[in-house]
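In the UniProt record's numbering, the protein residues as written are 1 to 211.
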């Protein structure tokens, strides 16, 4: 997997390069500090994935992504930002970014997002997804059945299908069906992201007792 880093802060670029070098299947293909440099490096190296800052001095990372896609560049883009504002997140969704990761995220979360996006899925910070739904007056968890919420809670605690089946007195096949429905309703890519979501929104067994 070839990755290009676009950020106007040298220390951030070096820090990101250090983090992604932790992965044996990742090749650091190049870096850029602004939109013009980014497009040149991306066109030259044809990376699989681009980590790009939302705000590049006087430019927007979203504009760089729009231009790249208009030129037929097929690289995937993960937006890195310190902004947790709903407005920025919605703009990123409009551009169809492949990932939205806050700079306060742990290195493990960024690496998880990179691997997920590389597999053709999307990664959005779970806290931002919940905030979006809260602002709209609804929550993805409202769509879950009581049993699906129980399964989601167990996912948040890191339980495997066998453990969930034992704790909830259902078959592993039933657990798999519930997990599939949970992923679809929450619009997340896999059980790990569902677990992150469960922890981000603070879903607990205590809440379940009042349903």
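C-beta: ideal position from N, C-alpha, C; glycine also. Note that the coordinates shown come from a computational prediction; the quantities given were computed from them, not determined experimentally.
What residue range is occupied by the uninterrupted alpha helix (DSSP H) comprising residue 169? Position 169 of the chain shown, counting from 1, holds the residue named residue 169. For residue 169, no alpha helix (DSSP H) run applies, since DSSP gives it neither H nor E.
Going straight from the alpha carbon of residue 100 to that of residue 181, what length do you get? Residue mapping note: residue 100 aligns to position 100 of the chain shown, counting from 1. Residue mapping note: residue 181 aligns to position 181 of the chain shown, counting from 1. Whole-angstrom Cα-Cα distance: 23 Å.
Inter-residue CB distance, residue 97 and residue 65 (contact presumed, cutoff 8 Å): For the purposes of this step, residue 97 is taken as the residue at position 97 of the chain shown. For the purposes of this step, residue 65 is taken as the residue at position 65 of the chain shown. Right, their Cβ atoms sit about 6 Å apart.
Tell me which residues share the same chain as residue 83 and place their Cβ nearer than 7 Å to its Cβ, disregarding the 5 neighbours each side in the sequence. Residue 83 sits at position 83 when you count from the first residue of the chain shown. Apart from sequence neighbours up to five positions away, the residues of its chain that approach residue 83 with a beta-carbon distance below 7 Å are 54, ordered along the chain.
Backbone secondary structure at residue 72 - three-state DSSP: Indexing the chain shown from 1 puts residue 72 at position 72. Reduced to three states, the DSSP call for residue 72 is coil.
Within the region 31 to 69, ranges of the beta strand (DSSP E) (whole runs, at least 3 residues): Correct list: 49 to 53.
Assigned secondary structure, residue 81 (DSSP; H/G/I helix, E/B strand, else coil): Numbered from 1 along the chain shown, position 81 holds the residue referred to as residue 81. Residue state, collapsed to three classes: strand.
Could you tell me the distance, in whole angstroms, from the CA atom of residue 43 to the CA atom of residue 28? Numbered from 1 along the chain shown, position 43 holds the residue referred to as residue 43. Numbered from 1 along the chain shown, position 28 holds the residue referred to as residue 28. Near 15 Å, if we compare the C-alpha coordinates of residue 28 and residue 43.
Candidates 57, 67, 169, 49, of which the one nearest residue 75 by Cα: Within the chain shown, the letter at position 75 stands for residue 75. For the residues 57, 67, 169, 49, the minimum Cα distance to residue 75 belongs to 49.
Smallest Cα separation from residue 171: which of 16, 38, 151, 140? As a position in the chain shown, residue 171 is number 171, starting the count at 1. With distances taken between Cα atoms, residue 171 lies closest to 151.
Can you tell me which of the three DSSP states residue 128 falls into? As a position in the chain shown, residue 128 is number 128, starting the count at 1. Three-state DSSP puts residue 128 in a helix.
What separation, rounded to the nearest whole angstrom, lies between the Cα atoms of residue 92 and residue 22? Numbered from its first residue, the chain shown carries residue 92 at position 92. Numbered from its first residue, the chain shown carries residue 22 at position 22. When only Cα atoms are considered, residue 92 and residue 22 end up about 27 Å apart.
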